[in-house]
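J.:
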Amino acid sequence: MDDPGIDTASTADASRSRWGRTTVGSHHLSALWLAVPIGVVVAVVVAVVVVDTGSIGTPAGVGQLAMAFAFGWAAAGLAWVLTVDRNTLDGAPRDPERSIESVWHDRAASGAFTDVLLVTGTAATVVSLTGFDMPASVALASVLVVAMGSFGLRYLVLRRRG
97 MDDPGIDTAS TADASRSRWG RTTVGSHHLS ALWLAVPIGV VVAVVVAVVV
147 VDTGSIGTPA GVGQLAMAFA FGWAAAGLAW VLTVDRNTLD GAPRDPERSI
197 ESVWHDRAAS GAFTDVLLVT GTAATVVSLT GFDMPASVAL ASVLVVAMGS
247 FGLRYLVLRR RG
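Position in the sequence shown counted from 1, then plus 96, gives you the working numbering.
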């Protein structure tokens, strides 16, 4: 039970930040303080491996620096995604599974799956009856186009209906 003397709204807001927080042991710290060093270490390891395997033709030091700089941002971003507690992010919804966008996504995906079954079933019937020959790569690419197109159109329609 909440204590009427404690303002829980301001307490909850104090624990939220733009970049989020993470817990290491019993310490709560900014997720960036953990993500950036992890990203640097991963980037240096990748850079050393890439240069030592001969994948880059430049001098070793230059190649390692370039590779570490190029890969460091992505590695730090991935480390942040893996370490941040999303409940500590400013503006993050408490229950994203119940957002209207997730409802639109679920409905569009369900409808697109039905469309894919209908189109591929009809196409399989036509192909078997007519003896039409098609390379497997074209058939699979067609299924992918139908799935993505159906999902995209259904999602846009649901979003417009709002």
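Ideal Cβ positions, reconstructed from N, Cα and C, are used throughout, including at glycine.
In this text, all values refer to a predicted model and were calculated from it rather than measured experimentally.
What does the Cβ neighbour count give for residue 209, buried or exposed, with the cut at 16 atoms within 10 Å?
T.: With fewer than 16 Cβ atoms within 10 Å of its Cβ, residue 209 is classed as exposed.
J.: Please name the residue, chosen from 131, 116 and 254, that lies closest to residue 198 on a Cα-to-Cα basis.
T.: If we check each option's Cα against that of residue 198, 254 comes out closest.
J.: I'd like the span of the beta strand (DSSP E) that includes residue 117, first residue to last.
T.: Its beta strand (DSSP E) spans residues 117-120.
J.: Count the other C-beta atoms from every protein chain shown that fall within 10 angstroms of the C-beta of residue 204, then say buried if there are 16 or more, exposed otherwise.
T.: Classification of residue 204: buried, given that the 10 Å Cβ count is 16 or more.
J.: Quick check: the stretch 214-229 against the stretch 168-179, are at least 3 beta-carbon pairs closer than 8 Å?
T.: They do not touch, by the three-pair rule.
J.: Using alpha carbons as the reference points, say which of 211, 196 and 118 lies closest to residue 247.
T.: The shortest C-alpha separation from residue 247 is found at 211.
J.: Taking 7 Å as the cut-off, does the CB of residue 218 come closer than this to any heavy atom belonging to the ligand SAM?
T.: With respect to the ligand SAM, the structure offers nothing, as it holds no ligand at all.
J.: On a Cα-Cα basis, can you pick out the residue from 147, 122 and 115 that is closest to residue 132?
T.: The shortest Cα separation from residue 132 among 147, 122 and 115 belongs to 115.
J.: Looking at residue 141: is its Cβ nearer than 8 Å to the Cβ of residue 163?
T.: Not in contact: residue 141 and residue 163 (Cβ atoms no closer than 8 Å).
J.: Am I right that residue 217 and residue 168 are in contact with their C-beta atoms under 8 Å? What's the rounded C-beta distance?
T.: With 8 Å as the limit, residue 217 and residue 168 do not qualify as a contact, their Cβ atoms being about 48 Å apart.
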